[in-house]
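Undergrad:
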Amino acid sequence: ASALTMQAAWINDAEFSGYFLAMDKGYYSDEGLELTYLSGGPDVIPESTIIAGRADLALTTPDTTIRAISEQGAKFKIIGAQYQKNPIGIVSLKKNPVNTPADLVGKTVAVPPVNTVTVEALLSLNGIDRNAVNIVPYAYDPTPLVRGEIDASLDFTTNVPYTIGLLGEEAQSFLLYDHGVTLFNDTVVVTEETLASRRADLVAWLRASRRGWDENLADPSLYPPQWEDSWFKGTGRSIDNEVFFNTAQKDLIVSGGGIFSMSEEAIEKNLAALQAVGINGTREMFDTTLLEEV
Amino acid sequence: MANRAGFLRSGTFRNLAILILVWEVVGRVDWIAGGALPGLSEILIRLWADRGDYPGHVWATVQASVLGFVIGNLVAVGAGILFVLFPTLLRLTRGFNIAVFALPPIAIAPILVLTLSGMAPRITLAALGVYFVTMSATVVGLSQFDTRAADVVRAYGGKDWMVMKLVRLRGAVPDILSGLRIAAPNAVLGAILAEFGGGGRWGLGTYLLGSLGRGDPARLWGIGLVATLIAGLSYLVFAVISARTLGSSRSVTLNTAIPDADDGAERSLPLRLAVIAGAALLPFFLWWAFIKLTGVPDLIAKTPLGVLDYLFLSDTSHIARAKLLAALAETLPITAIGMLAGLGFAFLLAISARMFPGFIKTFMPIALVTQTMPLVALTPLLVLILGRGTSVTLWITISVTFFPAFVLLVQGIQRVPQSVLDLPRAYGASAWTELRMVSIPAALPYLFAATRLTVPRALLGVMIAEWLATGTGLGNLLNQSRGYLDYGMIWTVAAVSVCLSVAFYYAILLIERRTLTRLGMQWVE
Amino acid sequence: MHHDQGIHLRSVCKTYRGRGADVEALRDMNLDCAPGSFTALIGPSGCGKSTAMRIALGLEDYDTGEVRIAGHPPAAATASGVTGVAFQDAALLPWRTVARNIALPLEVLGRDPAKHGHEIAKLIDLVGLKGYETALPGQLSGGMRQRVSIARSLITEPEVLFMDEPFGALDQIRRRQMNVELQRIWMESGSTALLVTHGIDEAAFLADYVVVMHANPGRVVEIIEVPFERPRRNELYSAPAFHALCDRIAKVLHGE
Amino acid sequence: MHHDQGIHLRSVCKTYRGRGADVEALRDMNLDCAPGSFTALIGPSGCGKSTAMRIALGLEDYDTGEVRIAGHPPAAATASGVTGVAFQDAALLPWRTVARNIALPLEVLGRDPAKHGHEIAKLIDLVGLKGYETALPGQLSGGMRQRVSIARSLITEPEVLFMDEPFGALDQIRRRQMNVELQRIWMESGSTALLVTHGIDEAAFLADYVVVMHANPGRVVEIIEVPFERPRRNELYSAPAFHALCDRIAKVLHGE
Ligand SMILES: Nc1ncnc2c1ncn2[C@@H]1O[C@H](COP(=O)(O)OP(=O)(O)OP(=O)(O)O)[C@@H](O)[C@H]1O
Ligand SMILES: Nc1ncnc2c1ncn2[C@@H]1O[C@H](COP(=O)(O)OP(=O)(O)OP(=O)(O)O)[C@@H](O)[C@H]1O
Ligand SMILES: Cc1ncc(C[n+]2csc(CCO)c2C)c(N)n1
Ligand SMILES: [Mg+2]
Ligand SMILES: [Mg+2]
């Protein structure tokens with residue numbers, strides 16, 4: 226079997242269910258791969274891991290990746306996209322709702338500093354003055370939102386509304402995707418070098434992962450409970466939360482072209498959205514040929 | 003046995019009980035920040051419910067922090083001894099030493115994770131967290147030796163290393179121990195912070211990350227308290243040993259001898275210039291060597307030349323410079339205030355430690371919590387209480403800076419020989435008068451050492467606050483740049499912040515030398 | 043128990059405890075120095091002289107007994123500024139100049155040193171340190187440091203003066219000169235003085251009463267009155283009566 | 043310049059420079075202690091006695107002149123273990139017990155203290171500290187600390203012995219007793235001894251030569267030979283010839 230290392234974008238949660246399942250069921254071995262899975266975290270920059278050669282493949286945020294290619298000359302290729310629609314959204318409370326980008330005017334919104342550009346893209350695409358919104362740092366803790374210290378936060382709409390519900394509030398959210406920021410997320414990224422030398426392995430990975438995702442999304446509530454003592458052990462999160470997450474993300478992942486697919490139209494939309502904030506992406510940054518092989 | 007009974011009856015115990023009760027009530031009735039501060043019982047209940055999660059995380063963190071603690075401190079004490087024996091070495095490596103202390107963990111953790119594997123990044127970060135404090139404490143301790151005793155050794159032909167072995171090392175034991183006390187929480191925090199970037203599955207840091215999104219303060223406090231417990235145990239061990247050795251380490255009478263003014267200084271001008279040049283270039287050389295040796299690709303790892311290029315020569319350099327200057331303009335003023343605030347707070351505490359020993363014993367556990375509780379977890383609460391303005395920045399800066407200064411100051415005050423304390427007491431001096439006239443001046447070398455520990459950290463504290471709470475200045479710039487994979491800016495901010503810290507440090511050093519020389523006191527580089 | 047301006051220790055017992063063996067430093071120590079009297083305390087090394095003095099100053103706890111200084115418990119007496127003290131060890135603050143070391147008791151008592159510049163200068167002159175006003179203790183010889191400490195003990199014009207072997211490191215000439223000066227100051231001020239010394243002649247020259255202590259346990263064995271007229275002059279040293287008294291003190295001291 | 047086993051300072055000048063006024067501590071100091079001789083150095087406080095001794099031990103730089111101890115420069119002499127020293131200040135290590143403080147020079151010289159247990163015990167007995175072997179310096183009286191430092195200076199059985207006012211804090215009985223013991227040890231060992239003292243009688247009792255110094259600048263003004271036979275006994279103190287010599291020393295000392 227040939228060894229392949231993947232770098233995930235975040236700590237173990239339902240966001241990566243497809244891979245967990247594929248690993249548990251041996252789909253990667255079936256494809257002749259010996260997969261090493263690296264969890265992520267707030268200080269892990271997945272792109273760095275592959276540049277440094279610590280992983281062969283990474284799940285990334287496309288805006289970061291494309292910006293790195295166009296501005297730093299990084300030699301990346303995007304070979305697939307887990308989320309057809311980015312689950313990132315503006316999350317607020319029902320009692321103080323932010324329903325559209327326009328509602329953000331005069332509000333305080335907490336954004337992870339690494340994602341400020343994404344929000345700036347949203348504002349710019351919707352013709353809102355950047356200075357009309359008070360952007361403060363966000364560290365993935367919903368407490369300030371629930372306590373009303375901030376009006377909204379940028380977070381995964383697939384995840385945080387569940388927690389807010391548990392805390393006795395009702396969440397209101399919209400996807401950035403639905404307001405012009407038409408980006409993928411958890412894009413599958415490799416270096417050009419890896420692409421050239423390990424093409425077959427990458428195709429194998431895509432195939433096995435797709436199998437895992439398909440099976441997982443068939444019944445989103447089925448698998449997370451089984452991972453209580455394995456993948457999710459010690460994460461501090463709850464299984465109910467993962468089921469919620471897995472269910473919520475289904476529509477954002479499945480696509481007519483199969484999991485990971487990147488249609489020409491979708492790629493166009495990504496490039497257009499990035500253009501709005503001055504990130505110059507090109508079609509060459511995406512390589513759809515592996516998916517075709519799958 | 004008698005000790006334990008004494009403790010139960012003591013004011014400390016009573017104060018602690020009161021403190022816990024107040025905390026419980028405040029937490030229960032949701033007084034602070036609308037209930038964001040949980041009561042102690044809520045935390046304990048949560049802790050009990052989560053008990054299954056903890057062993058694996060605690061074990062991972064303990065492993066990393068213990069290893070880092072041991073390695074970092076061994077290196078620190080060894081380096082301290084070398085530096086005292088060969089002051090030139092200290093001068094040469096000073097920039098590097100300060101850099102190690104002042105480097106923002108958010109900047110180095112990802113680099114460490116990329117260059118090292120397994121537990122190594124965590125151990126390294128823990129070791130980096132302890133190195134400078136212990137080294138500094140070792141150096142002050144070794145330099146505050148009794149020259150009369152050294153004369154005895156020299157009169158028998160004993161050389162410097164013999165004086166070191168027989169006089170200085172033993173005399174510095176309480177100081178080194180106070181260094182270890184400060185190091186304990188630093189090691190734990192270092193390990194936890196490395197877990198943020200390590201992508202591992204186990205460790206309190208990882209657990210904290212997973213728990214952040216739950217909006218459950220009781221869980222976060224539970225993790226913080228467990229981390230504090232780990233650090234606190236180690237703190238306690240060294241505090242007890244320190245108390246045991248202190249009495250017999252104090253001179254019976256105060257040494258009045260004036261130290262040689264130019265002990266170990268390079269005499270010739272060319273040599274002095276060479277040392278200065280070496281000291282200035284060494285950190286950059288090590289930086290360059292680190293990158294070349296680890297072979298990290300150019301895109302991620304910028305060499306000093308790379309940073310120069312980024313900042314001055316490349317096409318986009320004017321944008322980078324503008325961003326950097328704007329950030330500096332936001333960060334620097336508050337840093338100056340933060341330094342003073344941190345130092346002032348430490349000083350105030352050290353004085354209270356002498357005047358109200360009971361109060362300070364009660365305060366110690368709280369102080370330890372502030373040192374081991376990761377600020378990511380604490381900031382939401384702080385923001386709820388203080389908002390996102392200057393006060394939260396100051397608060398965070400104080401909490402990041404005061405502890406080493408405080409412990410070192412207390413140590414300096416405790417070292418004053420009984421015979422000189424007798425004098426003010428024989429004239430009925432109040433504790434405050436005695437402190438003012440004898441203990442504080444006698445502890446001046448420690449006060450300066452404490453200041454030198456505070457100053458580089460102040461900038462770091464401000465940057466953490468900017469990154470977590472205010473979203474301004476260098477801290478925010480650093481974090482944002484990570485989202486752009488803008489490693490040029492990341493290295494630039496790290497380098498600039500270190501250079502600033504070194505500059506502050508040298509400024510203090512200059513004042514220190516002048517003052518101590520005037521007062522005929524022993525100073526170390 | 044007297045409650046006058048003198049120094050009174052009544053049945054004071056003191057045992058140092060702690061590491062290793064306990065040391066019974068004082069057993070049933072009684073000492074009465076009448077107001078305005080000059081008492082010399084003499085005894086072998088380690089017999090508890092310093093301990094007794096430290097107890098009188100409130101610097102050391104004692105196990106049983108009672109202590110009154112100028113009618114008050116030690117702490118009250120020292121805080122009111124009536125006492126002056128020169129310790130066995132000079133105990134100078136290394137970072138203060140000679141003049142500022144001498145001024146320290148004034149500062150502790152909240153008096154303004156600037157107002158006492160003249161007295162400080164006079165005392166520096168008295169102990170022969172003119173020209174060393176701004177020297178730091180590290181620049182002085184052992185005997186010079188001791189003289190600073192003597193000057194410091196006198197700066198507050200104390201009503202009760204304690205001195206623990208203040209002249210141990212001085213040469214004979216300076217010692218005798220200082221003895222004469224001390225006598226003068228004491229007579230002018232009418233203060234109560236307690237002097238710990240190893241010099242039998244010094245004790246006989248200066249004191250109204252010589253209190254002789256023995257060791258193990260530390261206790262007073264005899265109080266010898268010194269009858270010579272005041273002011274005593276250096277000629278006294280050659281008087282036969284003086285020698286006879288010194289011999290008597292020596293005998294008691296040696297336990298013969 | 044002699045290159046024998048004695049102590050030789052030739053035209054040594056030493057000025058303390060630095061903060062404030064310079065102090066000329068020694069001007070053209072000459073000192074010759076023949077091998078096996080006992081020399082007493084006497085002079086007013088601050089005349090440079092300690093400075094001369096520290097220079098002889100290589101602890102202090104000097105401006106001009108030459109120094110030879112047992113035929114070697116100070117550093118070489120001390121390192122070879124031929125010297126022993128008791129400083130004016132006891133300078134004990136606070137964390138070492140009495141016995142281990144006395145053992146310190148052995149450790150510095152790389153000798154095994156365990157092999158000298160007997161000598162240590164004998165010296166502790168000699169200075170009257172039996173029972174205090176395991177006491178720490180903080181538990182001792184001033185005089186007791188000084189006695190530890192005397193014992194420490196003798197533990198290496200030095201060929202050249204320096205003592206800076208070692209008996210300053212001792213009572214007369216113990217002082218005289220120590221004088222006799224010191225004479226015995228010195229005679230048995232045949233060592234060269236240099237004793238700084240303020241006691242004229244002590245100098246006359248112990249020394250072959252009394253070197254008298256004056257201050258400002260520190261210099262030797264006269265060397266007085268002491269003719270009394272050895273071993274000298276306490277009876278000597280009452281001999282008229284002894285008194286006459288003491289008076290002569292005093293005269294020179296007082297500059298008459
Ligand atoms: N802090 C202490 N702890 C334990 N024992 C002590 C302490 N201070 C003094 N002692 C003991 O108490 C006894 C008396 O000591 P003190 O200092 O009063 O003697 P002294 O009469 O002043 O002697 P000297 O003339 O040598 O100064 C000594 O045996 C000494 O060992
Ligand atoms: N480290 C120093 N710096 C400056 N001056 C000093 C220093 N040490 C000594 N002196 C000066 O040198 C002179 C001689 O000092 P030294 O200690 O040799 O005197 P001494 O003869 O031993 O006196 P004593 O009998 O009082 O001990 C004194 O005037 C003193 O002020
Ligand atoms: C469940 C879940 N929670 C938080 C994050 C972290 N996060 C929130 S927004 C953002 C930037 C775009 O990915 C990141 C990293 C995550 N990835 N998955
Ligand atoms: Mg005494
Ligand atoms: Mg001297």
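Protein chains in written order, with our numbering: chain Z, 226 to 519; chain D, 3 to 527; chain R, 43 to 298; chain A, 43 to 298. Ideal placement from N, C-alpha and C gives every residue a C-beta, glycine not left out.
(1) Measuring straight from C-alpha to C-alpha, what distance separates R372 (chain Z) and A38 (chain D)?
(2) Flag V155 (chain D) as yes if its beta-carbon sits less than 9 Å from any beta-carbon of chain A, otherwise no.
(3) Kindly provide the ranges of any alpha helix (DSSP H) runs that are 4 or more residues long and lie completely inside the segment 446 to 499 of chain D, ordered along the chain.
(4) Quick check on the DSSP output: the alpha helix (DSSP H) that includes F284 (chain R) runs from which residue to which?
(5) Could you confirm whether any beta carbon from chain Z is found closer than 9 Å to the beta carbon of T494 (chain D)?
(6) Using a Cβ-Cβ cut-off of less than 7 Å, list which residues of the segment 285 to 305 of chain Z approach chain D; keep chain order.
(7) For F103 (chain D), is the classification buried or exposed, using 16 other Cβ atoms within 10 angstroms of its Cβ as the cut-off for buried?
(8) Tell me the residue span of the alpha helix (DSSP H) that contains H160 (chain A).
(9) I want to check one thing, is the minimum distance from the CB of D131 (chain A) to the heavy atoms of ligand 4 below 8 Å?
(10) Threshold first: 4 residues or longer. Then list the alpha helix (DSSP H) segments lying entirely within the segment 345 to 406 of chain Z, N to C.
(11) For D289 (chain A), verify whether its CB is less than 8 Å away from any heavy atom of ligand 1.
(12) Using the rule of at least 16 other Cβ atoms within 10 Å of the residue's Cβ for burial, across every protein chain shown, is A239 (chain Z) buried or exposed?
(13) Since V169 (chain A) meets chain D, which of its residues come closer than 9 Å, beta carbon to beta carbon?
(14) Put R53 (chain D) into one of helix, strand or coil per three-state DSSP.
(15) 9 Å is my cut-off, CB to CB: does R274 (chain A) come that close to chain R?
(16) What is the C-beta distance between A185 (chain D) and V127 (chain A), in whole angstroms, given that I count them as a contact (C-beta under 8 Å)?
(17) Looking only at its chain, what residues have a beta carbon closer than 7 Å to the beta carbon of L246 (chain Z), apart from the 5 residues adjacent to it on each side?
(18) Give me the Cα-Cα distance between P116 (chain A) and C288 (chain A), rounded to the nearest whole angstrom.
(19) Relative to the C-alpha of L83 (chain A), which candidate in A:R189, A:V294, A:L236 has its C-alpha closest?
(20) On a Cα-Cα basis, can you pick out the residue from R:L73, R:Q214, R:T93, R:L151 that is closest to R427 (chain D)?
(21) Tell me whether G232 (chain A) is buried or exposed, calling it buried when 16 or more other Cβ atoms sit within 10 Å of its Cβ.
(22) What are the boundary residues of the alpha helix (DSSP H) that includes S92 (chain R)?
(23) Quick check: does the Cβ of K91 (chain R) come within less than 8 Å of any heavy atom belonging to ligand 4?
(24) If we count the other Cβ atoms within 10 Å of its Cβ and call it buried at 16 or more, is I321 (chain D) buried or exposed?
(25) Out of curiosity, what's the CA-to-CA distance linking L400 (chain Z) and I313 (chain Z)?
(26) Quick one, which residues of the segment 241 to 268 of chain Z are near chain D if we go by CB-CB under 7 Å, in chain order?
(27) Identify, in the order they occur along the chain, each residue of the same chain with its Cβ nearer than 7 Å to the Cβ of L49 (chain D), setting aside the five sequence neighbours on each side.
(28) When DSSP labels each residue in this structure, what does R153 (chain R) get in the three-state scheme?
(29) Are M341 (chain D) and A460 (chain D) closer than 9 Å when you measure CB to CB?
(30) Would you mind stating whether V41 (chain R) and P179 (chain R) have Cβ atoms separated by less than 9 Å?
(31) Name the residue from R:Y58, R:A133, R:A76 whose alpha carbon lies nearest to the alpha carbon of T234 (chain R).
(32) Measure the CB-CB distance between I276 (chain Z) and A299 (chain Z) and report whether it falls below 9 Å.
(33) Can you find a heavy atom of ligand 2 that lies under 8 Å from the Cβ of H329 (chain A)?
(34) At a cut of 8 Å, does the segment 361 to 377 of chain Z reach the segment 335 to 350 of chain Z through at least three beta carbon pairs?
(35) Please report the straight-line C-alpha distance between M95 (chain R) and I266 (chain R), rounded to a whole angstrom.
(36) Does the beta-carbon of D206 (chain A), which I'm using as the reference point, lie nearer than 8 Å to any heavy atom of ligand 5?
TA: On the basis of the supplied data:
(1) 8 Å
(2) yes
(3) 446 to 467, 475 to 485
(4) 282 to 296
(5) no
(6) T289, R292, A293, Q297, A299
(7) buried
(8) 159 to 168
(9) no
(10) 368 to 371, 385 to 391
(11) no
(12) buried
(13) Under the 9 Å cutoff, chain D gives no residues; its nearest Cβ is about 17 Å from V169 (chain A).
(14) coil
(15) no
(16) At roughly 40 Å, the Cβ-Cβ gap does not stay under 8 Å, so A185 (chain D) and V127 (chain A) are not in contact.
(17) G437, E440, N441, Y448
(18) 32 Å
(19) A:L236
(20) R:L151
(21) exposed
(22) 91 to 98
(23) yes
(24) exposed
(25) 6 Å
(26) L263, S264, G265, G266, P267, D268
(27) G224
(28) coil
(29) yes
(30) With chain R represented from 43 up to 298, any question about residue 41 (chain R) goes unanswered, as that position is not in the structure.
(31) R:A76
(32) yes
(33) Beyond the ends of chain A as shown, which are 43 and 298, falls residue 329 (chain A); an answer cannot be given.
(34) yes
(35) 19 Å
(36) yes
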